[in-house]
Every structure is written in structure tokens, then in C-alpha cells.
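A.B. asks: Got a structure here, written out as C-alpha cells. Questions coming.
There are 6 protein chains.
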Amino acid sequence: MALRSVWLQELTWEDVADYLKDNDIAILPVGSTEQHGPAGPLGVDSYAAIALAEDAAKETGVLVAPPLWYGDSPHHLEFPGTISLRTETLVAVVKDVIRSLAHHGFKKIIVINGHKGSNNPGLITACRSLHEYELPDVFLALADPMYLAKGIAHIKDAVEHHAGELEISHVWYKHPHLIKPEKLPSNQVDLTTIMSEFTNNDLLGKSGDTIEVFWNSREQKAFAPNGSFSDSSKASPEKGKTYHEYMVKNLVKFIEWLRINNGPVGGM
Amino acid sequence: MALRSVWLQELTWEDVADYLKDNDIAILPVGSTEQHGPAGPLGVDSYAAIALAEDAAKETGVLVAPPLWYGDSPHHLEFPGTISLRTETLVAVVKDVIRSLAHHGFKKIIVINGHKGSNNPGLITACRSLHEYELPDVFLALADPMYLAKGIAHIKDAVEHHAGELEISHVWYKHPHLIKPEKLPSNQVDLTTIMSEFTNNDLLGKSGDTIEVFWNSREQKAFAPNGSFSDSSKASPEKGKTYHEYMVKNLVKFIEWLRINNGPVGGM
Amino acid sequence: MALRSVWLQELTWEDVADYLKDNDIAILPVGSTEQHGPAGPLGVDSYAAIALAEDAAKETGVLVAPPLWYGDSPHHLEFPGTISLRTETLVAVVKDVIRSLAHHGFKKIIVINGHKGSNNPGLITACRSLHEYELPDVFLALADPMYLAKGIAHIKDAVEHHAGELEISHVWYKHPHLIKPEKLPSNQVDLTTIMSEFTNNDLLGKSGDTIEVFWNSREQKAFAPNGSFSDSSKASPEKGKTYHEYMVKNLVKFIEWLRINNGPVGGM
Amino acid sequence: MALRSVWLQELTWEDVADYLKDNDIAILPVGSTEQHGPAGPLGVDSYAAIALAEDAAKETGVLVAPPLWYGDSPHHLEFPGTISLRTETLVAVVKDVIRSLAHHGFKKIIVINGHKGSNNPGLITACRSLHEYELPDVFLALADPMYLAKGIAHIKDAVEHHAGELEISHVWYKHPHLIKPEKLPSNQVDLTTIMSEFTNNDLLGKSGDTIEVFWNSREQKAFAPNGSFSDSSKASPEKGKTYHEYMVKNLVKFIEWLRINNGPVGGM
Amino acid sequence: MALRSVWLQELTWEDVADYLKDNDIAILPVGSTEQHGPAGPLGVDSYAAIALAEDAAKETGVLVAPPLWYGDSPHHLEFPGTISLRTETLVAVVKDVIRSLAHHGFKKIIVINGHKGSNNPGLITACRSLHEYELPDVFLALADPMYLAKGIAHIKDAVEHHAGELEISHVWYKHPHLIKPEKLPSNQVDLTTIMSEFTNNDLLGKSGDTIEVFWNSREQKAFAPNGSFSDSSKASPEKGKTYHEYMVKNLVKFIEWLRINNGPVGGM
Amino acid sequence: MALRSVWLQELTWEDVADYLKDNDIAILPVGSTEQHGPAGPLGVDSYAAIALAEDAAKETGVLVAPPLWYGDSPHHLEFPGTISLRTETLVAVVKDVIRSLAHHGFKKIIVINGHKGSNNPGLITACRSLHEYELPDVFLALADPMYLAKGIAHIKDAVEHHAGELEISHVWYKHPHLIKPEKLPSNQVDLTTIMSEFTNNDLLGKSGDTIEVFWNSREQKAFAPNGSFSDSSKASPEKGKTYHEYMVKNLVKFIEWLRINNGPVGGM
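In the order they appear, the protein sequences are chains A, R, X, F, Z and V.
The first sequence maps to residues 0 to 267 in numbering that gives the first Met the number 0.
The second sequence maps to residues 0 to 267 in numbering that gives the first Met the number 0.
The third sequence maps to residues 0 to 267 in numbering that gives the first Met the number 0.
The fourth sequence maps to residues 0 to 267 in numbering that gives the first Met the number 0.
The fifth sequence maps to residues 0 to 267 in numbering that gives the first Met the number 0.
The sixth sequence maps to residues 0 to 267 in numbering that gives the first Met the number 0.
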């Protein structure tokens, strides 16, 4: 049966019941509403998660749950418009959504995080706990541009951190009217002077020895007053397209593997 | 300044900072992902909240936060596709979103609930607690079709309960392709035989003496096997338009009052 | 067997074991300790719940659990003597009490709330969650004067809101020495000027389109300095008696229905 | 000013405001609803706390908050009628009540526990945490028959444990119709054979070296099938009177000390 | 099989698997990191719990879980170095550790608390709740010097309260280099003048009628500026040895009883 | 002043007060008690954290808080001896310890995690939340062998995952008697066949595009029956020494930077 839509919220419960006769995979896109510098909209991370989920779903015919628009963004709260969930709230939402999906018979659920890394403590906590204590038979996975796009990172011209060239390009490709090209910053925050040499300026690059330093929103406002950490002046819709398609290709490959995966994880 | 969009997620943080120079109202739409019978999509309540928020915002020039697609729907969990948050999770999300908005200087926040009544225990809990203990200076209000549309309920032909004529009409008007007209049920569940005479079949009608009886998802599946409680065979996009515009008009009137409200609630 | 008392706390465990051989209904009265203006005692809501529970129990021979004297009253905290539970505390208490009763074999539990509406978010949250996730086979219901007495509201002379004519009359009838007649206020707070036209001054009257506005204790102290929202100068023990007996009659009718109720809710 | 009643719930908020002009002490009685063998009512512990609070208050002119009828009684849940709060629920209730009292200006609060020892983990947790982190200037104390009556314990004829001679006598004195004298058990459970020699059979007696062993409700049902641990055949209203008056005298002495206490605890 | 070590953390999982073939007892030492006056190290309570656990284990051949170094010490927080867990955190840790041990087949677990009394509300809460609701078949016990050493308390020369003669002696015996003998205080805080006559100066002595008064860290700093409540000038390693061996002997006796205990508690 | 010990628990509160006159850095070692294959003790991760903390502290003269012996290890629970905290428990403990240290005036706290990666969701959650919402002026950092030793990973002969060559070597160097050399496994679990090609077999090596797959303890027992994922047959105390000293050198360098760090993070 061809789905009328990959989005669960557009279907009736009978449509979903039909889908579950032959399918058991669902995708959950998790984003954030968080400042992304002077050129990017607050929804960048959500648009990323939604685009990856939707396009991977269309290619593979799997269902996507409605997106979560809010993520774990305390360190951006000094910038108007940022909406941040406490980590425990994020954990609770994601657990409840996955519990609901599992209740209906979804057996393999892929969380797609658009919020590079920052949501991961909450998302990992939710998935690990559910899989050990509540849903041992439900396969859970977590995909994130920060880890999914290492192989394509070479297309960028600058180091990539918050509001960087690639994530700006990504939204530019998908929602051209939401980027303000004239405001793309060309400055670069050098995090190693701020948080020691054991810090990595490039989330998508190679990393040496690192020690994680925590910064809060007031500190961030001080060291990155326009909200962007990275030079995104070389961002472009074309780069966004290449970046997006690379990640979709990886996700499709993973979903295809998952369809036939027969354990020991998720197939026991 | 004219906003490029009423949706906060489409703006940059600088756009929001500009808005806050002269404005302090925000709307938060809260929906659900929950079965709505054989003809309505799972997203009915979210589409309702989003449409009300967006159109009231456009008329008044206020900002809308990204919607919450999941609500408090345990009693529908036997129908595939329903996603339900625990009440405490809903409380936590709404508190965190409102805290974030208040942090930026939003002083008047209107929660629009699309999920007739069912989200209200959580939404009231969040708002009441925040306003007493954390945000005494932030005005909080809760609007809901179940209470906002009493005056227009006379346009319907049937009693209105879950998946009823008016909420189906509402989505039909806004998203015609998401309704399956050929599946609109004409049966009516008589709740007074199931939950005593102290039950009201019509959420939008007049009510006599009532006692609330709690039913769970297995019981609901038994007494309403197709998921709809109400006859929606007389639903139509036209009715949806009338219903929608009536509620938007009420919301606009409320927002206009709110702009000039000078306490004692919210203006002290 | 005739019970020595309808109050569970006055019986031995063996008495309760005997009762459970042929019965499975229990009533839980939930009140509040909250200012009720210059004429009414802080315990008004608790006295209401206790009186309704006790008299309905006596007529039907069912057991009553000990009352909860504290409710969800944050908005009254500026008035000395008010004791307020956080909503989550109220939820926890009510869940634990119901779990205990269910553990012993009570299968049908009626919560009687004396605190017109204000406890309901917590009480609904507790009951709905228990019935879906923990006690699917235990019938739970919630009765409240605000919904139980619509049909008798016509006896009052004034609009009825907090500390109104009927609830004062109710306690006056049951505990004459606890009312100070000389202090009954004749003023009326017009909530529509304070919280917009979408507010209803009469909790027991008809309502048009409404939007809920949240007020906190400091705001309430400002707009209702004596603690009463309503004119209760026409209160009387006679009205209290009529009001009380009407509600007891409704409760008795409900309990009689419940004895023979055979599902689908609570009888599966 | 003479109070019309020592019970806060019987007063108006203005009465409490008057009281607070010259006074700052309140008593909070905490009981339980828990089986007390074949002869004692489920409310024994609550009656004990209420009686101690009321009589000490009458002698000293201090106010008493409404009682909490439920306590921490998981180990009695196999006996019908027992209602048990989780410890965290008890903590939450007691914290909320004390926070409310402190908000109004009560500066010295005495919790009277009727549930010998069993409520203490929760009560201590609530008081210690509040006093350190939230209410450093509010004096908090905890009185309990198990510690308050050591000096009068010699009047009993048997060792005293759950449902023992003295607590039965206590209720007998105060509520004669609630005891079933013909059912007073004369057997004694020897806890040292069940939980090792490091156990004390007499909660009100001298104790040697002890190690606490935890038993649950199923185990208790096995080792004390009638619910009583102690021989209460020598209980009498007279003993109850002596026991009660001794404890009231201690409480009065403590309250008198507290009135003039000038720190360093509670008077800084 | 002789264990290579009584400490679980020094063994491999296969060693533990071997142990569990013939054994089912484990000990969990719980201490605190809390000021113990000018002469005692912050770890006194942890050293006490560790020493008791280790030596009782060596004599009986049972396993010891790694110690918890932090306890419930809010009232000491004004003294640098004190680390205090919230009671609910302590409950959570102890529950998780016991759940893990029970998962592997440990059926009898003895918690040894080195923190005289102060950890007990949390430890009792954890054990009682686990044993009633989650682990009805796992025997749980709690040993504490405050109750374990009544019979040897006569060897001390002073009353014993916080940082008293016996607990200082205990650590002196086991870790001589951690005591500063030249700083042993000879003053004694008279708690009865500070917290009423219903207070006991000697935690290891006889007690009359008592009422518990809660003090916080600022108050404690005021009434016991050097951190010690008791005269410990007569402390000595020899007393520590006698005290330690007496408690170990009691623990060994208890463990021997436990090996052959056949219910009804823990043997059903 | 030279510290008598780098371990806080060995000092008196006066020693800590002295330290704080000129210093404000503390280290908190966090480990786990978790199976590490047939050759490694359950305490491997704790020994790693303790050794790194102690040796870095000795070189720099900073204080170390007592270690936490338990971590977040649900996926190892099928192996006897593993003790796992829920993530929320770990968060609570670490928050309470850091709050206590900050209360005394420690302004820069370094958490050293010995449990490669697995504790990080909890540790990041604790630190990020504290630094944003409670302790904006306290510098918090997180060091972990998985990120601290990239530059020395080339000394190993095999890919490194759970119970791998380097962490076994690490403990072997520090606690030679705790390793069973004859049991060192030479097999290697190929995780890419189990969890897709988007998995990395080498936690200390380079990584391509990855998607995180969650496995539970039963699945792990199936795919790694002896508990080790990696070939550790080439482990040696010498490698452990090189690995350890490299990480200590990095930590010392970081602490030296931290002493003179003047913001914007941690120095504002």
C-alpha cells in the first residue's frame, strides 16, 4: 500500500493500522527552537531534523511521527526567541512518544536529532533507559548530523560550530526565504582561547584530545555576541543540497539494513 | 515593524528582539496526535490549535511559538497512531516553554489548546503553578474551542463529542485533503447509557448536573470501536469556516483587550 | 450487615473485610483549607465534601475513606490560614489513597471534591492516569458541587463564585456555629472587568464563550480584599439544606446506578 | 484574644490574622489509617495525634492545622482498610502544609505524629530539608508518643508494639465506642525469633543492641495474622487517660519553653 | 571457594558468579563526607562503615559492595568540605544499588550506616519501599553504630554526640594518621539548653522523653563553632578497638543468624 | 601550605578552609562498578578515575573529592556484580556533590569520568543544568579517557571498546593484583555486523559516519558472552603507564590553564 503521506499526523488511525500490518519502522524528528545567529531562523535544528526525516521516509516508505520543535538549549537563552526544555523534560517527552509508538507495534524507531549534539544527553538517556527497562524488544537508534555527515564535511570552507556554514546551507536549500544572506557572519569564535586548548572548534572535523567545558548563556552572549560561533559566509543552498543528500543517503542505507536486521540487537 | 512571519521559528533572534521592543504577547498552540475516527487525521487537535493561533496572530500582529504536536490522550491509546504524553510531561513541557518566553520579556502568553478539554488539567496545572510561584508578573490565559465556541455551536446538526461534526469541519476547511468524507460516521455513542445519566453527550451544548466518569482506552475501544463518539456526517468545510472565524474573532477581541489591560491581573 | 459507621477510620480491619464480601464501592472526600471571606471558615470546602460523602454514604450504605483536608489553593495564599498543596502533591496523595483502596478490593471509587473546580486538574490527572495505566479494572468517578448542582442553582439570589451564597449556606446548614452572619459580604467582584468579557461571574450559572485567565494570590488580594468574590448576604441555612439535599439525591442516584452498572466502563 | 476554636479550619482568615499578631506557633497532627488489630479502629494513630494536638493546644492557646489522616503504612497493606502514602508523598504533603503555614508568618511549627515511628523517616526528611534549604528561620519540631512517653511506659502490663496496650488504651479513653473490648488479643508476637535477637519487642521499653530488619505486608500477615503484635488485654480507658495526660503535660512544657526560646535554634 | 577479596569491585564478574552459587548475602557500607570537628577527618562516617563492613565480611566470608562516600548531612554544610546529598538522592542511590544486587541473585542485603542516625530516614525509606513494592523476596536490614553499640557504650568517659569520643576513637584505631590528637576538643555542647529539656545529649546513652528539634547548618555553626558537639579528649585507639570489635562481633552474630534464617521475614 | 593529602575525606574541615584561602579548584572522580570481561575487575572505571584524579592532583596541589563508585551501566546488568544507577540518580548525586563544593567556595570543578562515555549523558546533564540555572559563576569541566587519550591511542595493538587493551592496561599498571592475565580475551566483537556499518568498533580510533544504536544487557550477553568487546591480549602494565601518564600530563596542563583562566567562561 502506498501511504498518502509519510507524516503520521496526516493519516487516520486506520491508515496507521494498515501500515503496521507490513511495517514496523518509525522515525521521530527532534529539533530545537534556538538562536542561530543573525542570518539563520530560530528553527534551524527543527528544519534539519524534519527535512532528513521526511526525505529518508519518502525514499524508504516509512512513517514519520510529528516533530518535537523544542530541544535542550539552555546556553542560548540569552538570545530572544530561544525556547529550551530542561533535559529531564526532553527525556520525558521522548520516552512518552516512543512508548506510544511501541504500544501500537512499532518495533524499530529511529530518532533523528537536528540539534547537533546538544539534545543527545537527553535522547540517549531516554533511549537507553527504555531499551533496558521497559522496551527490551524495541530497536532504538539515534542519528545526528554531527555524526552522520563526517564523510561530507570536506565540502565546507570554514570550521563548523554553532550556526555554521553547513547547517545554514542546509536550511537555505530547504527553506530559501528563511535565511538572510546579507547577515551571514564571517567572523569565527576561537573556542580554544576561551575554553583551553582541549577544545575543538570544528564539530564536524577531526578532533585531538579534548576536555568538555560547560558554558552558560550569559558567557555565550559575551564570547559570541551575534550568536554565531562560525564563519558561514561561504554557505550556499548548493552546499546544503549536497550535505542533505549525503545524510539522506546514509539514513536510507541504515533503514534498508534495519528492515532485514535479524539481531542480536533488536532481533532477538 | 511588520513581522516577516507570525511564527517565531521562522524568524531570527534579532527579529524577535525587535518585536519585543514594542510587543509582549505570544501565543502557544498545543495540540495532540490522537485518533479522530475513520475520517479525521490523527493531527486534528494540532491543526485546530495551529489554525486558531496563526489566524488570530495574523490579525493582531502577535507572535506564535512553535506548536506542541503531542497532548494528553491516554484514553485513545488503543487506536494506532495515537501518541500520548503523561500529564506530568505535558506540564513540564508547557512550563519550560513559558519560562523561556518569559525570560525574553514576553509578559502576556495565551495558550491555545486544540484538544478539547483533555489537555486542560495539564495546561491549567502548568499555568497556575507558574503564575503563583515563578512568574507572578506574566499574564497567562488558556483558550480552548470547547469554551470559545459555545455561541456558535448552534450551527451543528448533531451533538458534538470526540471527533464530532465541528472539529472535523474545522480541519476540513483548513486542510481539505486530510478528511475522508466517505468515511464520516453517522452513528452516535450514547454516553449516558455507558457512564450514567450524569454525563453529557454534547461538549459544546448545554449541560445539566454531571459527574465525571473516567474511561480508559480499552473501554473506549469497546464502546466506540471506530473511534468516533459523534455523528459527523453533516460536517462540511463551510461549517468549519464559520466555526473557525467565530473563534478567531473571539481571540482577536481578547488580544485587543489584553493589549490595553491594566490589571489588577497581569498589570500590577 | 449494617456498618457501625460509614467512616472507614472508625472500623476495624475485620469490619472492612466483612464489608468487602458484598460491597465494592468507596467514597473519598477531598476538600481544602482555604480562606472563604470574612464570614466563612477556612474549612468550607472540606465540610462540603465531608457532608456530601457522609450523607450519601448513609443513604446507600457505602464506606467513606478519611477526608483530605488540604487542596490546591495557591491563589488564596495571601490570606492567612490557607494551606495549599502543589498540584503534583495532590495527585500523589489521591493516587496513593486510591491504590490502597483498590489493593483491598474496592472496585468503584467516587471522589467527592468540595473545592469547586480548583482541585479538579489534580483529581482528574490522578484518576485518568490510574485508570489507564495502573487500575484499568477500577471504576473511578469525580463529583463536584460545581457540576452536581446546576439544576438547583436557581435558588440563589446572587451570582456564585468563590465564597458564594450557596457554599456559605451549605456550611451554615451543617455547622451553624462556624458562620459569622454579621460578616456576610454583600459586594460582588465583577470578574469580566478584571479578566476580560470572556469570563464568567457565576460558576453555577450559564456560561457564554470563555477564556480562562489565571490569577495569583497577590492579584486576588488586590481585586477581592476581603476574600469573597460574591455577594453572600442572602445565604441561609435553609438554602444550604435545599442545596445539600439536592446534591445528595444526585449522588444517591449515581451510586444506585453504579451498583448495577455492567460496563463497558468499569464492568469489563 | 480567646480563640473560638483551636482548629484552624473552624476559623475565618481574619481570625487567623488576629492570632498571628501575637502568636507564631502552630501544631500539625499527622496520623495514619492503618489496621490496629481486631479491637482497634483503623484510625488509631490519627486519633492519637488529634487528641494530643487538641488538648495541648487548648491548654496553651495555640492553633492546630487540620490533621493528615494518612501516613506511611506499606507493611500493613495486606489488612483491608489500610491506606498508605508512599514516603515521598508524605514528605510532599508535609512540606506543602508547612510552607503554607510559614508563608502566613507561623515561625514555630510542631508536628505531632500519632503513628509511632513509622512516619518519622518522611517527617524528618520534610522538616530537615525545609529547615536547611527553604525555611531557615522557621523552628520545626517533631513529637511522637514513642519518644514522648518513655517516662510513663511503666504503667503498662505488656510489651508495647504495634496495636499495643497503651495506644489501644489511648483511643479507648478518647473514643470509647471505637474499641471492641471483647476482641482485645492477649497473644504476643515474639519479634526476636522472627528478625533476630537484635530486635526489640517493646517500642516503649529499654533497648539493647539492635539491627533494623524490614518486613513487608505479606510477611506481617504471616507472622501476625490478626494484625496485632502485642498483648493488649490489659488495656483500659484509665491507662489511656494517664498515658494521654502525661504526653500532653510534656507537650505543654515544650510549648511553654518554645514561647520564650531565644535561639540559637529558631531564634537567630 | 575462598574469595580473593571481600570487595566486589576487586573481583571479576565470574568471581561474583561463583560466589552466588553458594551465597546470597551482601553488605553495602554507606558513609558521609562531613565535618567531624577540628581533630577528625571529613570521612569519619565512611571509614566507620567501611571498617565494620570489611571486618564483618572477612570473618563471615560475605561480599561487600563499594562504599557510598556521601550521605545526608545538610546541617553540616557551613563547615568547608562537607558534601551532602538530598535525602531523595540518597534514597535513589541506595535503591539503585540494591536493585542491581538483587538482580544478580543477592537475597539478603545488609546496609551498614556509618553516619550515626542521620542517614537513616533515607536508608529506611529506600529499604522499606523496595521490600514492600519491588523486592518482596529480598531480605533487607540496616545496622548503625548508634544502635549496634549500646552494650559497649559504657567504655566512654563523656556523653557521645556528633564527633564524639567513640567515633573519633574508631577512626583513630583504624587510620591513626587521620586524627589530630592535639586538636581533640574537651568542650561539650549542652543541647538541652539549646533545644529544650526534651533533648538527649548522649546518642549512645539512655534517653528520657524526647522531642526532636531540627537545626540547620547556620544554627549549628553558631552553637558548635568548632564542629564538635562532644568532649572527645578521652578518645584513644584502644577504645576504638574495643568499640569496633564489639560491633563486628554483633554483625557476625547477625550474619550467622541470617544464613540459617528461614522466615517468615526473608524466608517465605 | 602543603596539603597532608589530596583527598578531601582525609582532611579536617579546617584543612579545607585553609586550602580555600588560596585555591578554588576541586576534582570529582566518577567511576562505575561494572563487569570488564573475564580478566578485569568490576571496578576498572573507578580505578581509572581515581588514579587520574589522584595523580593530576598530586602534581598540581589541588583537592580531590571522594569518588563515586557507581555509574550508569544498565547494558551490563546481565553480568553478576554490575551495579547501575539510573541516569537521573547519577545526575542527582553529581549535582548534590557539586552544589556542596560550590557552597564552600570551590569555583572550578573538574569531573573526571573513568567510565568511557557511558556516564557522560548524566554528567553533562548535571553540569550543564547547574551552570545555567544554579551556579553560573562556577566553572565546570568534564574529562574522560575516551576524549583525553586520542593522541596516545596509537600505542595499542587492537581496536579499543569495552574492556579493551588500554583500560585493562591502565588498571594493570596501578593495581597489578586485580588483573587475571591468563584470562585476557583475544577475541574481538565486530559491532558493525551487529549494529550496522554506521558503528565504530574503536572508541579511541578515528570514526566515519555513525548512527548510535542502543543495546540492552540481554543483547550484550548474547553478542559478547564473556563481557569483553575487544581483544586485550596485548595489554600490559607498561602500556598502562604510558597511557596513564599521557592523560595525567593533559590534565595537569588543563589545570594549569585553569588556574590563570580569566574568562569569558568561568571568569566573568
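In this text, a Cβ means the ideal position worked out from N, Cα and C, and glycines have one as well.
Model, not experiment: these values are computed from the prediction.
What residue range does the alpha helix (DSSP H) around Ile259(A) cover?
C.D. replies: As a first step, residue 259(A) is located in the first sequence; it is residue number 260 there, counting from the start. Residues Pro236 to Ile259.
A.B. asks: Apart from the five residues on each side of it in sequence, which residues of its chain come closer than 8 Å, Cβ to Cβ, to Val63(R)?
C.D. replies: As a first step, residue 63(R) must be located in the second sequence, where it is residue number 64. Closer than 8 Å at the Cβ level, and outside the excluded window around Val63(R), lie Val5, Trp6, Leu7, Ala25, Ile26, Leu27, Pro28, Ala52, Glu53 and Ala56.
A.B. asks: Given that Lys179(V) touches chain Z, what residues does it touch there, using C-beta distances under 8 Å?
C.D. replies: To locate residue 179(V), count along the sixth sequence from 1; it is residue 180. Here the neighbours are Thr11.
A.B. asks: Does Ala223(F) come out as helix, strand or coil in the three-state DSSP assignment?
C.D. replies: Here residue 223(F) corresponds to residue number 224 of the fourth sequence, with the count starting at 1. In this structure, Ala223(F) counts as coil in the three-state DSSP scheme.
A.B. asks: Grab the span of the beta strand (DSSP E) containing Pro28(X) for me, first residue to last.
C.D. replies: Within the third sequence, numbered from 1, the residue matching residue 28(X) stands at position 29. It spans Ile24 to Val29 - the beta strand (DSSP E) in which Pro28(X) sits, taken as one unbroken run.
A.B. asks: If you check the beta carbons only, do Ala101(R) and Pro79(A) fall under 9 Å apart?
C.D. replies: Taking the second sequence and counting its residues from 1, one reaches residue 101(R) at position 102. Taking the first sequence and counting its residues from 1, one reaches residue 79(A) at position 80. Cβ atoms of Ala101(R) and Pro79(A): not closer than 9 Å.
A.B. asks: Let me confirm a value: His176(X) is counted as buried when at least 16 other C-beta atoms fall within 10 Å, else exposed. Which label applies?
C.D. replies: Counting from 1 along the third sequence, the entry for residue 176(X) is found at position 177. When all chains shown are included, His176(X) counts as exposed.
A.B. asks: Tell whether a beta-carbon distance below 9 Å holds between Glu166(V) and Gly265(V).
C.D. replies: In the sixth sequence, residue 166(V) corresponds to position 167, counting from 1. In the sixth sequence, residue 265(V) corresponds to position 266, counting from 1. No, the Cβ-Cβ distance between Glu166(V) and Gly265(V) is not below 9 Å.
A.B. asks: Taking only beta-carbon atoms, is Phe253(V) less than 9 Å away from chain A?
C.D. replies: Position 254 of the sixth sequence, counting from 1, holds the residue named residue 253(V). With 9 Å as the cut-off, Phe253(V) counts as an interface residue toward chain A.
A.B. asks: At a Cβ threshold of 9 Å, is Pro65(A) touching chain R?
C.D. replies: Locating residue 65(A) in the first sequence gives position 66, counting from the first residue. Interface residue, yes.
A.B. asks: Please classify Gly70(V): does DSSP put it in a helix, a strand, or coil?
C.D. replies: In the sixth sequence, the residue the question calls residue 70(V) occupies position 71. Reduced to three states, the DSSP call for Gly70(V) is strand.
A.B. asks: What would DSSP say about Asn112(R), mapped onto helix, strand or coil?
C.D. replies: Numbered from its first residue, the second sequence carries residue 112(R) at position 113. Here Asn112(R) sits in strand by DSSP.
A.B. asks: For Leu67(F), which residues of its own chain have a beta-carbon under 7 Å away from its beta-carbon, when the five flanking residues on both sides are left out?
C.D. replies: Taking the fourth sequence and counting its residues from 1, the one referred to as residue 67(F) is at position 68. Same-chain partners within the cutoff: Val29, Gly30 and Val92.
A.B. asks: Quick one: is Pro23(R) buried, meaning 16 or more other Cβ sit within 10 Å of its Cβ, or exposed?
C.D. replies: Working through the second sequence from its first residue, we reach residue 23(R) at position 24. Sequence inspection shows Asp at residue 23(R); the Pro mentioned does not correspond to that position. By the 10 Å Cβ count, Asp23(R) comes out buried.
A.B. asks: Can you check whether the CB of Val96(Z) is closer than 9 Å to the CB of Gly121(Z)?
C.D. replies: Taking the first residue of the fifth sequence as 1, we reach residue 121(Z) at position 122. Taking the first residue of the fifth sequence as 1, we reach residue 96(Z) at position 97. Taking 9 Å as the Cβ cut-off, Gly121(Z) and Val96(Z) do not qualify as a contacting pair.
A.B. asks: Determine whether the Cβ of Tyr242(X) lies closer than 9 Å to any Cβ atom of chain C.
C.D. replies: Included in the structure are the protein chains A, R, X, F, Z and V, with no chain C among them.
A.B. asks: So is Asn261(R) buried or exposed if we call it buried at 16+ other beta carbons inside 10 Å?
C.D. replies: Stepping through the second sequence from its first residue, residue 261(R) is reached at position 262. With fewer than 16 Cβ atoms within 10 Å of its Cβ, Asn261(R) is classed as exposed.
A.B. asks: Could you pull the start and end residues of the alpha helix (DSSP H) that Ala1(Z) belongs to?
C.D. replies: Here residue 1(Z) refers to the residue found at position 2 when the fifth sequence is read from its first residue. First-last for Ala1(Z): undefined, no H or E at that position.
A.B. asks: Enumerate in chain order the residues of its own chain whose CB-to-CB distance from Phe138(A) is below 6 Å, with the five nearest sequence positions on each side excluded.
C.D. replies: Against the first sequence, residue 138(A) aligns to sequence position 139. Hits under 6 Å: Lys107 and Gly265.
A.B. asks: For Gln8(R), go through chain A and note every residue whose CB falls closer than 7 Å to its CB, in chain order.
C.D. replies: Taking the first residue of the second sequence as position 1, residue 8(R) is located at position 9. In chain order: Thr32, Pro40, Leu41, Gly42, Ser45 and Trp68.
A.B. asks: What did DSSP end up calling Trp6(F) once you bin it into helix, strand or coil?
C.D. replies: Counted from its first residue, the fourth sequence places residue 6(F) at position 7. Of the three classes helix, strand and coil, the one that applies to Trp6(F) here is strand, per DSSP.
A.B. asks: Where does the unbroken beta strand (DSSP E) through Leu141(Z) begin, and where does it stop?
C.D. replies: Counting from one through the fifth sequence, the residue named residue 141(Z) turns up at place 142. Start and end: Phe138 to Ala142.
A.B. asks: Can you have a look at Ile259(Z) and say buried or exposed, based on whether 16 or more other CB atoms are within 10 angstroms of its CB?
C.D. replies: As a first step, residue 259(Z) is located in the fifth sequence; it is residue number 260 there, counting from the start. When all chains shown are included, Ile259(Z) counts as exposed.
A.B. asks: For the alpha helix (DSSP H) containing Arg127(F), name the first residue and the last one.
C.D. replies: Numbered from its first residue, the fourth sequence carries residue 127(F) at position 128. Boundaries of the alpha helix (DSSP H) around Arg127(F): Asn119 to Ser128.
A.B. asks: How is Thr88(A) classed by DSSP in three states: helix, strand or coil?
C.D. replies: On the first sequence, residue 88(A) is found 89 positions in, with the first residue counted as 1. Helix at Thr88(A).
A.B. asks: Is it right to say Asp208(R) is buried, meaning 16 or more other beta carbons lie within 10 angstroms of its own, or is it exposed?
C.D. replies: By one-based count along the second sequence, residue 208(R) stands at place 209. Flag for Asp208(R) reads buried.
A.B. asks: Considering just the uninterrupted stretch of the alpha helix (DSSP H) at Trp12(A), what are its terminal residues?
C.D. replies: For the purposes of this step, residue 12(A) is taken as the residue at position 13 of the first sequence. Trp12(A): member of the alpha helix (DSSP H) spanning Trp12 to Asp21, first to last residue.
A.B. asks: Whose Cβ in chain R lies nearer than 7 Å to the Cβ of Asp23(X)?
C.D. replies: By one-based count along the third sequence, residue 23(X) stands at place 24. Chain R residues near Asp23(X): none, gap ~16 Å exceeds 7 Å.
A.B. asks: I need the boundaries of the alpha helix (DSSP H) containing Leu51(A), first residue and last residue.
C.D. replies: Along the first sequence, one-based indexing puts residue 51(A) at 52. Run containing Leu51(A): Val43 to Thr59, per the alpha helix (DSSP H) assignment.
A.B. asks: From Thr11(F) to Asn118(X), what distance separates their C-alpha atoms?
C.D. replies: Looking up residue 11(F) in the fourth sequence gives position 12. Looking up residue 118(X) in the third sequence gives position 119. About 21 Å.
A.B. asks: Would you tell me roughly how many angstroms separate the C-alpha atoms of Ile178(R) and Lys149(R), rounded to the nearest one?
C.D. replies: Within the second sequence, numbered from 1, the residue matching residue 178(R) stands at position 179. Within the second sequence, numbered from 1, the residue matching residue 149(R) stands at position 150. Annotation: Ile178(R) to Lys149(R) spans about 24 Å, alpha carbon to alpha carbon.
A.B. asks: Identify, in the order they occur along the chain, each residue of the same chain with its Cβ nearer than 7 Å to the Cβ of His74(F), setting aside the five sequence neighbours on each side.
C.D. replies: The residue labelled residue 74(F) in the question sits at position 75 within the fourth sequence. If we look at His74(F) and ignore the five residues flanking it on each side, its Cβ neighbours are Trp214, Asn215, Ser216 and Gln219.
A.B. asks: So, for Gly226(X): in the same chain, excluding its five sequence neighbours on each side, which residues have a beta-carbon less than 6 Å away from its beta-carbon?
C.D. replies: For the purposes of this step, residue 226(X) is identified with residue 227 of the third sequence, where counting begins at 1. Excluding residues within five positions, the ones whose Cβ falls inside 6 Å are Gln34, Gly36 and Phe78.
A.B. asks: Determine which residues share a DSSP beta bridge with Glu164(A) and list them.
C.D. replies: In the first sequence, counting from the first residue as 1, residue 164(A) sits at position 165. Beta-bridge partners assigned by DSSP to Glu164(A): none are found.
A.B. asks: Leaving aside the five residues before and after Gly116(F) along the sequence, list all residues of the same chain whose C-beta is less than 8 Å from its C-beta, in chain order.
C.D. replies: Counting from one through the fourth sequence, the residue named residue 116(F) turns up at place 117. Same-chain partners within the cutoff: Asp143, Met145 and Leu202.
A.B. asks: Measure the Cβ-Cβ separation of His169(X) and Ala1(X) and say whether it is below 9 Å.
C.D. replies: For the purposes of this step, residue 169(X) is taken as the residue at position 170 of the third sequence. For the purposes of this step, residue 1(X) is taken as the residue at position 2 of the third sequence. Not closer than 9 Å, so no.
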